[in-house]
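Structure, as structure tokens:
Number of protein chains: 2
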Amino acid sequence: MSEVPTRTVFFVSDGTGITAETLGHSLLAQFPEGRFRQVRAPFVDDIDKAIECAAQIREAAAADGVRPIVFSTLVNDDTIAALHKADALFLDLFERFIGPLETELGQRSTHAVGRFHGIADSINYKHRIEAINFAMAHDDGVSSDGELAEADVILVGVSRSGKTPTSLYLAMQFGVKAANYPLIPEDFERNKLPGELHKYRTKLFGLTIAPERLSQIRQERRPNSRYASFENCRYEIDAAHKLMRRENIRWLDSTTKSIEEISATILQTVRVDRPGF
Amino acid sequence: MSEVPTRTVFFVSDGTGITAETLGHSLLAQFPEGRFRQVRAPFVDDIDKAIECAAQIREAAAADGVRPIVFSTLVNDDTIAALHKADALFLDLFERFIGPLETELGQRSTHAVGRFHGIADSINYKHRIEAINFAMAHDDGVSSDGELAEADVILVGVSRSGKTPTSLYLAMQFGVKAANYPLIPEDFERNKLPGELHKYRTKLFGLTIAPERLSQIRQERRPNSRYASFENCRYEIDAAHKLMRRENIRWLDSTTKSIEEISATILQTVRVDRPGF
């Protein structure tokens, strides 16, 4: 059997290219045997840049011996025509979907270049930046009295259970203000939630993790420490489970989950009082 | 003229729904006059959940008086069929694009549920989490000697010019390790780059911002301070420009740009030595 050739995949956009890349990655993940080399081509917002991009596509085709795959979110007809002069499998997101949407809504789309990523929506954007600042300022149990009232979600869990990257993802992707609080041995000895968390019970969400995995992650940080030892990890996780069960905190196991999956689950569970949630 | 009715828009997925939502937002941004109410429906991974989701779609249609728009990344045929029993404009990302890809690649797709977001790609995922930890540990000039050697990008600029959210976005979306360093009055007096930055000249990228906007952002943090005054902001920005020009640092103005746009521009400029860049 012949070997699968490497294909070059282009993500072409008149804006950042992030929508094209997100969809492209999702679709290519359905072909685990494929071998793909990825090229980003953002800000292709005039014909000259489209002609240059078409040349790059032709070069890749010659180098690979197979034609490239192009995920595109271009909205300008002339730019699209210039790009299509290269030979490739073009998967045009705009072209496929905008027609049915125009018919359904009874409105013409603006065909506005650079708007494709939707960040022109400045209220949402402002929420996201505020939420990122909030997550940075309320990471790892850092919070002044009363500030947690502003949080949409408060994550709790033992050190290195995934709270910080999840808080940041919730902020970045959804504009959700997430604080996070570590559960530490002192909390287990007192058998109480830290600080003023009891006041915000409806906002709490717990993360847990398999002790083997936790020990592995902690070893990378502090090799051969008591902190990283399997015994200690198992003790902390057991104690955290007891505390969360007693306090009636919803939780999930982050061991085999991505921050995307954890965040989507949290948003199904914790009620965020804002339009869009 | 009659008022535009509010439409309910569903983002339906057997996974997190983030791909459906990203594409949906991009397309809806082309209809600035539309009024949309958004509903996320992640983890629709069996027929029962699809039937329940179809019921939600019918309810929304009845409440709005117009049929909803559904962006879907479902991959299972039976689940899709159950969902399509509701009346809506279905924009199926998987269905539209997977056929042409299968033909082109000469491979069957796995139709693997929950894989659509592509995060099964665990090497990339590991890079992203490491990069987030790196950005957190190297925010705002915090770096021990030698650690910057690991950075892919080092952002510089005056306080509140957008360095921190951009560093985090580079990490989260692209797995790029970004440190950031504030340029402060002491640097301007010495007219030199802070710390050991001169050693990493090829990794440096500057952010600047209009003094009016900077003053506004700083006022929200420290009202009526010298730090936030327009005069001081103008002084710091002028001095930063001089320093960056003298040191030959590429930069861009973040005033009207999103972190997505800033990040995509940085990746076009700074060379990241890793597959995929």
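As they're listed, the protein sequences go chains A and B. Everything in the first sequence is counted per this note's numbering, starting at 22 for the first residue and increasing by one. Everything in the second sequence is counted per this note's numbering, starting at 22 for the first residue and increasing by one. From the three backbone atoms N, C-alpha and C, an ideal C-beta is built for every residue, glycine too. Remember, predicted model here, so these are calculated numbers, not experimental data.
Determine the contact status of residue i and residue j, defining contact as a CB-CB distance below 8 Å.
i      : j      : result
B:I153 : B:A103 : no
A:M157 : B:T187 : no
B:A172 : B:A199 : yes
B:F92  : B:G55  : no
A:V179 : A:L204 : yes
A:Y190 : A:S284 : yes
B:A62  : B:G38  : yes
B:F343 : B:L49  : As shown, chain B starts at 22 and ends at 298. That puts residue 343 of chain B outside it, with no answer to give.
B:I90  : B:L110 : yes
A:I230 : A:D274 : yes
B:V60  : B:T29  : yes
A:R181 : A:I270 : no
B:Q51  : A:A71  : no
B:P53  : A:T286 : no
B:R129 : B:E123 : yes
B:E268 : B:P206 : no
B:T276 : A:T43  : no
Residues in the same chain with beta-carbon distance under 6 Å from residue i, minus the five sequence neighbours each way, listed in chain order, please.
i      : result
A:I101 : L95
A:C254 : P232, L235 and S236
A:E281 : none
B:D294 : none
B:H148 : G196
A:F209 : A260
B:L112 : F92
B:G183 : L228 and S275
A:I119 : S130
A:H159 : A200
A:R243 : A249
Mind checking who residue i pairs with in its DSSP beta bridge?
i      : result
B:I68  : BP columns for B:I68 are empty, so no partner.
B:A62  : B:V33
B:I90  : B:V30 and B:L110
A:T43  : Looking at the DSSP assignment, A:T43 forms no beta bridge with any residue, so it has no partner.
A:T277 : None; A:T277 has no bridge partner.
A:R56  : A:T27
A:T229 : A:D274
A:A199 : A:V174
Any idea what DSSP makes of residue i, helix, strand or coil?
i      : result
A:I287 : helix
B:G120 : helix
B:L204 : coil
A:L112 : strand
B:A75  : helix
A:I175 : strand
B:A261 : helix
A:L48  : helix
A:T223 : helix
B:A133 : coil
A:A249 : coil
A:S143 : helix
B:L214 : coil
A:N97  : coil
B:P244 : coil
B:Q194 : helix
B:H105 : coil
B:R267 : helix
Spatial neighbours of residue i within its chain, please: CB distance less than 8 Å, with the 5 preceding and 5 following residues excluded, ordered by chain position.
i      : result
B:L218 : L169, I175, V177, Y202 and L225
B:R79  : A107 and D108
A:N245 : none
B:P26  : R56, D85, G86 and V87
B:I68  : D99, T100 and A103
A:S83  : It is worth fixing the name first, because residue 83 of chain A is Ala in this sequence and not Ser. Here the set comprises nothing.
B:R247 : N253
B:E151 : G196 and K198
A:Y221 : L169, A170, A172 and I175
Quick one: what's got a C-beta closer than 7 Å to residue i's C-beta in the same chain, skipping five residues either side?
i      : result
A:C74  : V33, A62, V65 and L104
A:N145 : G196
A:M265 : G227 and W272
A:Q240 : A249
B:S304 : Absent from the structure is residue 304 of chain B, since the part of chain B shown begins at 22 and ends at 298.
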